[in-house]
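Residue numbers (the working numbering), protein chains in the order written: chain A, 82 to 615; chain B, 82 to 615. Using N, Cα and C, we set each Cβ at its ideal position, and we do this for glycine too. No experiment lies behind these values; they were computed from the predicted model shown. To start, the structure under review is shown below, and the notes come after it.
Protein chains: 2
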Amino acid sequence: MMDDKVTQQHWLKALAAFELSQEELAEFEQQLSALSAQHLQAELRPGLSNNSKVEQYFYSSDLPEQAKSFNQYSALLQPSVLGSVNTTRPDFVGHMTSALPSFMPLMQKLMAALNQNNVKLETSGYFTDLERQVLAILHRTFYGSEYGEQAESFYQKTMHQPKQALGVFCSGGTLANIMALWVARNRLLSAYGVAEKGLMAALMSLGEEGYQGLAVLVSERGHYSLSKAADVLGIGRDNLVAVAVDDQHCIDLKDLETKLATLKAKRIKVMAIVGVAGATETGSIDDLKALADFAQGIDCHFHVDGAWGGAAIFSQRHRHKLKGIERADSITLDAHKQLYVPMGAGMVLFKDPERVNAIKHHASYIIRSDSKDLGAYTLEGSRPAVSLLLHAGLHLIGREGYGALIDHSVHLAQEFARIIRSSRDFELILEPRLNILSYRYCPEPYRSELNKALAAGDAESVVSINRLLSEKTIAIQVAQAAAQKGFVSRTQLHLPHYGDAPIHVFRVVLANPYTQVCHLQQILEEQRLIARAL
Amino acid sequence: MMDDKVTQQHWLKALAAFELSQEELAEFEQQLSALSAQHLQAELRPGLSNNSKVEQYFYSSDLPEQAKSFNQYSALLQPSVLGSVNTTRPDFVGHMTSALPSFMPLMQKLMAALNQNNVKLETSGYFTDLERQVLAILHRTFYGSEYGEQAESFYQKTMHQPKQALGVFCSGGTLANIMALWVARNRLLSAYGVAEKGLMAALMSLGEEGYQGLAVLVSERGHYSLSKAADVLGIGRDNLVAVAVDDQHCIDLKDLETKLATLKAKRIKVMAIVGVAGATETGSIDDLKALADFAQGIDCHFHVDGAWGGAAIFSQRHRHKLKGIERADSITLDAHKQLYVPMGAGMVLFKDPERVNAIKHHASYIIRSDSKDLGAYTLEGSRPAVSLLLHAGLHLIGREGYGALIDHSVHLAQEFARIIRSSRDFELILEPRLNILSYRYCPEPYRSELNKALAAGDAESVVSINRLLSEKTIAIQVAQAAAQKGFVSRTQLHLPHYGDAPIHVFRVVLANPYTQVCHLQQILEEQRLIARAL
Numbered sequence: 082m083m084d085d086k087v088t089q090q091h092w093l094k095a096l097a098a099f100e101l102s103q104e105e106l107a108e109f110e111q112q113l114s115a116l117s118a119q120h121l122q123a124e125l126r127p128g129l130s131n132n133s134k135v136e137q138y139f140y141s142s143d144l145p146e147q148a149k150s151f152n153q154y155s156a157l158l159q160p161s162v163l164g165s166v167n168t169t170r171p172d173f174v175g176h177m178t179s180a181l182p183s184f185m186p187l188m189q190k191l192m193a194a195l196n197q198n199n200v201k202l203e204t205s206g207y208f209t210d211l212e213r214q215v216l217a218i219l220h221r222t223f224y225g226s227e228y229g230e231q232a233e234s235f236y237q238k239t240m241h242q243p244k245q246a247l248g249v250f251c252s253g254g255t256l257a258n259i260m261a262l263w264v265a266r267n268r269l270l271s272a273y274g275v276a277e278k279g280l281m282a283a284l285m286s287l288g289e290e291g292y293q294g295l296a297v298l299v300s301e302r303g304h305y306s307l308s309k310a311a312d313v314l315g316i317g318r319d320n321l322v323a324v325a326v327d328d329q330h331c332i333d334l335k336d337l338e339t340k341l342a343t344l345k346a347k348r349i350k351v352m353a354i355v356g357v358a359g360a361t362e363t364g365s366i367d368d369l370k371a372l373a374d375f376a377q378g379i380d381c382h383f384h385v386d387g388a389w390g391g392a393a394i395f396s397q398r399h400r401h402k403l404k405g406i407e408r409a410d411s412i413t414l415d416a417h418k419q420l421y422v423p424m425g426a427g428m429v430l431f432k433d434p435e436r437v438n439a440i441k442h443h444a445s446y447i448i449r450s451d452s453k454d455l456g457a458y459t460l461e462g463s464r465p466a467v468s469l470l471l472h473a474g475l476h477l478i479g480r481e482g483y484g485a486l487i488d489h490s491v492h493l494a495q496e497f498a499r500i501i502r503s504s505r506d507f508e509l510i511l512e513p514r515l516n517i518l519s520y521r522y523c524p525e526p527y528r529s530e531l532n533k534a535l536a537a538g539d540a541e542s543v544v545s546i547n548r549l550l551s552e553k554t555i556a557i558q559v560a561q562a563a564a565q566k567g568f569v570s571r572t573q574l575h576l577p578h579y580g581d582a583p584i585h586v587f588r589v590v591l592a593n594p595y596t597q598v599c600h601l602q603q604i605l606e607e608q609r610l611i612a613r614a615l
Numbered sequence: 082m083m084d085d086k087v088t089q090q091h092w093l094k095a096l097a098a099f100e101l102s103q104e105e106l107a108e109f110e111q112q113l114s115a116l117s118a119q120h121l122q123a124e125l126r127p128g129l130s131n132n133s134k135v136e137q138y139f140y141s142s143d144l145p146e147q148a149k150s151f152n153q154y155s156a157l158l159q160p161s162v163l164g165s166v167n168t169t170r171p172d173f174v175g176h177m178t179s180a181l182p183s184f185m186p187l188m189q190k191l192m193a194a195l196n197q198n199n200v201k202l203e204t205s206g207y208f209t210d211l212e213r214q215v216l217a218i219l220h221r222t223f224y225g226s227e228y229g230e231q232a233e234s235f236y237q238k239t240m241h242q243p244k245q246a247l248g249v250f251c252s253g254g255t256l257a258n259i260m261a262l263w264v265a266r267n268r269l270l271s272a273y274g275v276a277e278k279g280l281m282a283a284l285m286s287l288g289e290e291g292y293q294g295l296a297v298l299v300s301e302r303g304h305y306s307l308s309k310a311a312d313v314l315g316i317g318r319d320n321l322v323a324v325a326v327d328d329q330h331c332i333d334l335k336d337l338e339t340k341l342a343t344l345k346a347k348r349i350k351v352m353a354i355v356g357v358a359g360a361t362e363t364g365s366i367d368d369l370k371a372l373a374d375f376a377q378g379i380d381c382h383f384h385v386d387g388a389w390g391g392a393a394i395f396s397q398r399h400r401h402k403l404k405g406i407e408r409a410d411s412i413t414l415d416a417h418k419q420l421y422v423p424m425g426a427g428m429v430l431f432k433d434p435e436r437v438n439a440i441k442h443h444a445s446y447i448i449r450s451d452s453k454d455l456g457a458y459t460l461e462g463s464r465p466a467v468s469l470l471l472h473a474g475l476h477l478i479g480r481e482g483y484g485a486l487i488d489h490s491v492h493l494a495q496e497f498a499r500i501i502r503s504s505r506d507f508e509l510i511l512e513p514r515l516n517i518l519s520y521r522y523c524p525e526p527y528r529s530e531l532n533k534a535l536a537a538g539d540a541e542s543v544v545s546i547n548r549l550l551s552e553k554t555i556a557i558q559v560a561q562a563a564a565q566k567g568f569v570s571r572t573q574l575h576l577p578h579y580g581d582a583p584i585h586v587f588r589v590v591l592a593n594p595y596t597q598v599c600h601l602q603q604i605l606e607e608q609r610l611i612a613r614a615l
C-alpha cells in the first residue's frame, strides 16, 4: 500500500493537468504549432515503407512512470510530427487524404473542449439535434427531389422524430457499408428472427422456403470494406459476388443479369445490390439507374457506396453522373474525403427513415426507446460529435464552395489525362469520370510491340510485354516515393483487352486544392528521370 | 452548364478557406474560445430530453448555398455550444463522460492539422510506429508479467513486426468488443472457412462434428455492445447467454458451471467467455482468474471487457482487483473513459499477436501483406491517429497520474457510499468495487415496512414497496435533471433478495477529477428537497 502523502502529491499533479493556466496552455499550443509549421514546410516525407531507422524512435514499451513537462514532451514528439506525412503537399496525389480548410483544426479543438458523446442526449445536449439536422440536410441533398413539393413537410416531420433516423454518423465509410448491409440482412431476415436467433437459424427458415443461402452483388471495383462486411456479418466473402466491369470499369449490366440468373437458379437469395459511385481505384461510377431497376425487379436492398464520389452531388456540373442515387435504399458518404472534414467522419443515409429500426437496440441506463437519441441506431456506442465538423464545412464552404472544389478536381483530372494521352511514354488507362486517374509507364519500343501483338492476337506476347511494363511502373512508383518527391500510389487492374493477367498502374487522386497542372507535369518529369536511370 | 467566371469565383472563395491568414484564424479561434468559455461558465445544462424548444434552432433541412462569414457562423453556433452538456461540472456524475486534461484539445487540434490516416504507412508516416508503440506499452502493462524476464525481448520482437499486432485502435469499446468476438469466431471456425463461405456453411461443418450452434457467455451485467456484436456477427442475441450474478453483481460461477453443462448437453459450442471488468451499471468486476480457468478448461476464447475498469491497472492500490486479466486472450479498453482522451478512442489488445490474423484482409492499392500497416487488422478502414492522444496522456499524466486519478475516484465512491449508508432516506444498493455506485431513495416508513416484509417473507409486499420506491427514485432523477442541478443517471437492476421484479436506482459514475465530497452531499440534499415536494 502506498503512502497517503505520496498519493496526494500524485493526485495534485494529475489534477494540475486539468487546470493548466492560460499561460501554460498558450506556451504548449505555441510549441505544437511550431512543430506543425516546421513539418508542413519540410521537404521530408518519410514513412512510406517499413523502416528500422524510424523504429529507433519507438522502441520502448515501458509505461512512463512520471509525467513529463510540456517542454520534454514537445521534444519527444518532434520526430513523430516531422515524420508524419505532409498530406497538404500539392504533389501528394496518391491517396484520399489531402489538405483541409484551415478552420477545421479549430473546430476539432472546440469539439474536444466540449467533448460531447452523441450516443445520448444526456451527454450531447443540442448536438443530437444538430446531428439530426446535418443528416437531414444531406438526406435532402440526395433524396429531396423524390419528395417534390412535399419535401419540406417530409423533413419537418422526420428529422427530429424519436423512432426514425434519416441516417447515422460513424467513424468512416467501412462502418457505413457494414451498417447498410447489416440493416439489409436484418430486414430481409427479420421474420426469421435473425437478430435474436442468429444467421444459421434464420437461413434454415429461409431454406424451408427453398433458398440455399445469401449473396450480395457488387462490381469487381467494389471497395474491400464490402468484403470485410460480408465476413463480419457471417455472409462470407465468397458470397460477395463480383460482377464484371465494362471498359469504363463500371458494372457490366449483362454480367449482372447473368449472375442474377445463376443465383436464382441456385436458389440463392440476393440480399443487396451495391452500386459503386466513385470506385477507389478508378473513380468510375456505375449506372445507378439501371441498378435501381434491377434491385426493384428482385425486391432487394439497393445500396450505393458513395464514400468517395457521393460528394459530386454538390456540383451542378457533375451531379448528373450520380443519376439514380436518389433511388438507393442507403448511401455511404465519407465527410473526411471530399467534404474536407478531418479523419474519422463517415455517414450512411437511409432513404426510408424507418429502415434503421431493423437494427435498433436499447439499454436501460441509456438510449431508452422513447428518446430521440441516435445511439439506438449506430453500430458504435459512445462516439464524438463529428457532425459538428461537417456542420462547419456546410456553412463555411457552402454548396457553392464544395461544388467548386469538385469541379476543380475533375477539371484537373481531365487536364492530366490530356497530358498523359499526348505523351509518348505514358499510357492513360482510363478516361477519368471524376477525379481519380490511372496510367502507367509505356514508352517505345514497348508501345509498338504491344500494339503489334494486340493486332496479331498474340496473347502470350501481350502478357509478357505487360509484365515488363508492370515491373517498370512498380519500380518507378517505389523509387519516386522513396526519393520523397511527388507521390502517386499504385494498384493492379484487370483489363479485358490485355487478357487475364492484371496490370500494375499508377493511381492518382486529385482532391488537394493546392494541386495545379504544373505539379502533375513535374510528377511525370520525375517519373521519366527515374525510368531513364532504371 | 455554369458560367466559367462564376465557377472561378466560387473556386477562389473555397480555396480561401484552406489559406486563411494567421489573423483570420486567430480571430475565429478567439470567437470559438469565447463561446466555449461562456458555455463552461453557464449554469444551464439543457438537452436532457426531447425538447421542441431546442428543435427550433435546428428546423431547416436546406443545404446552405453560399459560405457564411466566420462572424455569421459563430453566431449560428452559439445556441449549440451553449446548449451542449457541460461534462466538466463537478456535479455531473451520471455518465462516463467527464472533464479532460486541458492539453487534450490542443493535441486534437494538432491531430487535425496533421490529418494522418493510420490505415496505411503512406498516409500515416511515423504515426503507425507510434501507434504500435502505444499498443505495446498498453499490452505490456496488462500482459508484461506473463513474460517475466523475457518481456523486453518479446516486445522488441513483436511491436514492429509486419505480420503481428499486439492490438488495434478503434473508435470505441463497442467496436473493440465486436473485433474481439470477430477474431474469436473466425479463429474457432477458420478450418471451416467461415470468413470465405459464411457462418451457415461453417456451422453446417461444425454440425457434422455434432455441434448444434454457437454461444457466448457473459454475466447479466455484460454491456449491451456484446448483444450488438452477437447480432452483427450472426451469432444471434439469444445465443449471448446471460449468466446470473451474485450479490456483488459479479458473475455467479455456479450458474456459469450450470450454463456450460447445459450448453454441452445441447451440443452448443462455446465460442467465448466474456469477463466484465467494471460493469457499466455497477462497476463490479468478475472473478477473472476463475473465468480464465473455465475458458482454459473448455478451450475457448477468453475476452475481458475492461472498457471502463481496465484503467485500474494503472493504480498500484487497485490493480489487484483485475487479477486474472493477464490470462485473457483479448482485452477491451476505452482511452476516452478513464484515460481521459477525447471521445472516439478505444482499443482491443490481443495477448497473442498472431491472433488478429484470423480477420486479416488486404487490398492491392493499400495495406499490402508485407507491410506493417495496421489497417490489415482493423474493422475500420481509414481512421484518425487517436493513438497520438493516448501517447500524450501516457507521457503528460504518466502511470503515477493515471493511478492517482483512479485512486481518487475510488476513494470518492467509498466516501459517497459511507454517506449514503449512514443516511436515513437513501439505500446503498451495492458497495462500490471501483468508482460506480448505485443507490435509491428509501426513506421511512418504507424502509421499515420493506424490512418487515422481507423478514416475514411477504414477497408481494416487497414487490409493491419496491415499486413505490422505484417510482419515487425515477421522479427524483427526472426532476433533478430537469432542474439542471446535479446530474445522476438511473438504471434498473435485478436484485435476487428483492424478488423477480427489477428495481430502479440512481447510478453515479465518479471519474470527474473536479468532483469532491461536498458536491455529492449537495446532490443528496437536492434529491431530498425534490422528494419532499413530490
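Of the listed residues T204/A, L163/A, L157/A and N152/A, nearest to D454/A (C-alpha basis): For the purposes of this step, residue 454/A is taken as residue 373 along the first sequence, with counting starting at 1. Considering only alpha carbons, the answer is T204/A.
Alpha helix (DSSP H) segment containing C599/A, residue limits: The residue labelled residue 599/A in the question sits at position 518 within the first sequence. C599/A -> alpha helix (DSSP H) spans V598 to A614.
Span of the beta strand (DSSP E), counted from its first residue to its last, around L413/A: What you label residue 413/A is simply residue 332 of the first sequence in a count that begins at 1. First, the residue type needs correcting, since residue 413/A is Thr and not Leu in the sequence shown. Unbroken beta strand (DSSP E) run through T413/A: S411 to D415.
Assumed close pair D415/A, G427/A - CB separation to whole angstroms, cut-off 8 angstroms: Taking the first residue of the first sequence as position 1, residue 415/A is located at position 334. Taking the first residue of the first sequence as position 1, residue 427/A is located at position 346. Right, their Cβ atoms sit about 5 angstroms apart.
Pair within 9 angstroms by beta-carbon distance, M352/A and A265/A: Along the first sequence, read from residue 1 onward, the residue named residue 352/A stands at position 271. Along the first sequence, read from residue 1 onward, the residue named residue 265/A stands at position 184. The answer is yes: Cβ separation under 9 angstroms.
Length-filtered (3 minimum) beta strand (DSSP E) runs lying within the segment 209-289 of chain A: 248-251
Where S468/A falls: helix, strand or coil (DSSP): As a working note, residue 468/A is residue 387 in the first sequence. Looking at S468/A - three-state DSSP - the assignment turns out to be helix.
Under 9 angstroms between C-beta atoms of K190/A and L113/B: Working through the first sequence from its first residue, we reach residue 190/A at position 109. Working through the second sequence from its first residue, we reach residue 113/B at position 32. Yes, the Cβ-Cβ distance between K190/A and L113/B is below 9 angstroms.
Touching by the beta-carbon criterion (3+ pairs, under 8 angstroms), the segment 508-525 of chain A and the segment 363-381 of chain A: yes
Short CB-CB distance (under 9 angstroms) between G317/B and chain A: Along the second sequence, read from residue 1 onward, the residue named residue 317/B stands at position 236. Yes, contact with chain A.
Inter-residue Cα distance where the pair is V200/A and T596/A: Sequence index remark: in the first sequence, residue 200/A carries index 119 (1-based). Sequence index remark: in the first sequence, residue 596/A carries index 515 (1-based). The alpha-carbon atoms of V200/A and T596/A are separated by roughly 38 angstroms.
Assigned secondary structure, I478/B (DSSP; H/G/I helix, E/B strand, else coil): Stepping through the second sequence from its first residue, residue 478/B is reached at position 397. I478/B: coil per DSSP, three-state reduction.
CB contact below 9 angstroms: S365/A versus chain B: Counting from 1 along the first sequence, the entry for residue 365/A is found at position 284. Cβ-Cβ to chain B under 9 angstroms: no for S365/A.
Any chain A beta carbon closer than 9 angstroms to P594/B: As a working note, residue 594/B is residue 513 in the second sequence. So yes, P594/B belongs to the interface.
Neighbour-count burial assignment, K345/B, 16 or more Cβ in a 10 Å radius: Indexing the second sequence from 1 puts residue 345/B at position 264. When all chains shown are included, K345/B counts as exposed.
Cβ-based contacts, 7 angstroms cut-off: residues of the segment 372-392 of chain A near chain B: none
Cα-Cα separation, F250/A to L471/A: Working through the first sequence from its first residue, we reach residue 250/A at position 169. Working through the first sequence from its first residue, we reach residue 471/A at position 390. One C-alpha to the other measures close to 11 angstroms.
Within-9 angstroms CB hit, N547/A to chain B: Counting from 1 along the first sequence, the entry for residue 547/A is found at position 466. No, its Cβ sits nowhere closer than 9 angstroms to a Cβ of chain B.
Under the three-state DSSP convention, the category E508/A falls into: Indexing the first sequence from 1 puts residue 508/A at position 427. Three-state DSSP puts E508/A in a strand.
I604/A, buried or exposed, once every other Cβ within 10 Å from all chains shown has been counted against 16: In the first sequence, residue 604/A corresponds to position 523, counting from 1. Per the 10 Å Cβ criterion, buried.
Cβ distance (whole Å) where H600/B is taken to contact I555/B below 8 angstroms: Along the second sequence, read from residue 1 onward, the residue named residue 600/B stands at position 519. Along the second sequence, read from residue 1 onward, the residue named residue 555/B stands at position 474. About 22 angstroms; that fails the 8 angstroms criterion.
Partners in chain B for H442/A, counting only beta-carbon separations shorter than 7 angstroms: One-based indexing of the first sequence puts residue 442/A at position 361. By Cβ distance, chain B contributes Y305, S308 and K309.
With 16 other Cβ atoms within 10 Å as the buried cut-off, status of N152/B: Indexing the second sequence from 1 puts residue 152/B at position 71. With fewer than 16 other Cβ atoms within 10 Å, it is exposed.
Three-way DSSP call (helix, strand, coil) for T339/B in this model: Sequence index remark: in the second sequence, residue 339/B carries index 258 (1-based). DSSP places T339/B in helix when its eight states are reduced to three.
Chain B contacts made by the segment 268-289 of chain A, where a contact means CB separation under 7 angstroms: A276, E277, K278, G279, L280, M281, A282 and L284
V543/B (DSSP reduced to helix, strand or coil): The count along the second sequence starts at 1 and reaches residue 543/B at position 462. Three-state result, V543/B: helix.
With 16 other Cβ atoms within 10 Å as the buried cut-off, status of L219/B: Mapped onto the second sequence, residue 219/B falls at position 138. Looking at its Cβ environment, which holds 16 or more other Cβ atoms inside 10 Å, L219/B is buried.
Cβ neighbour criterion (16 or more within 10 Å) applied to I259/B: The residue given as residue 259/B occupies position 178 in the second sequence. Under this definition I259/B is a buried residue.
Sequence-distant residues of its chain with Cβ nearer than 8 angstroms to Q397/A (five each side left out): Position 316 of the first sequence, counting from 1, holds the residue named residue 397/A. Cβ within range, chain order: G484.
First through last residue of the alpha helix (DSSP H) which encompasses A118/B: Numbered from its first residue, the second sequence carries residue 118/B at position 37. A118/B -> alpha helix (DSSP H) spans Q103 to Q122.
C-alpha distance - S161/A paired with Y140/A, whole-angstrom precision: Here residue 161/A refers to the residue found at position 80 of the first sequence. Here residue 140/A refers to the residue found at position 59 of the first sequence. Their backbone Cα atoms lie some 13 angstroms apart in a straight line.
Per-residue burial, P243/A [other beta carbons within 10 Å of its own, 16 or more giving buried]: Counting from 1 along the first sequence, the entry for residue 243/A is found at position 162. That one is exposed.
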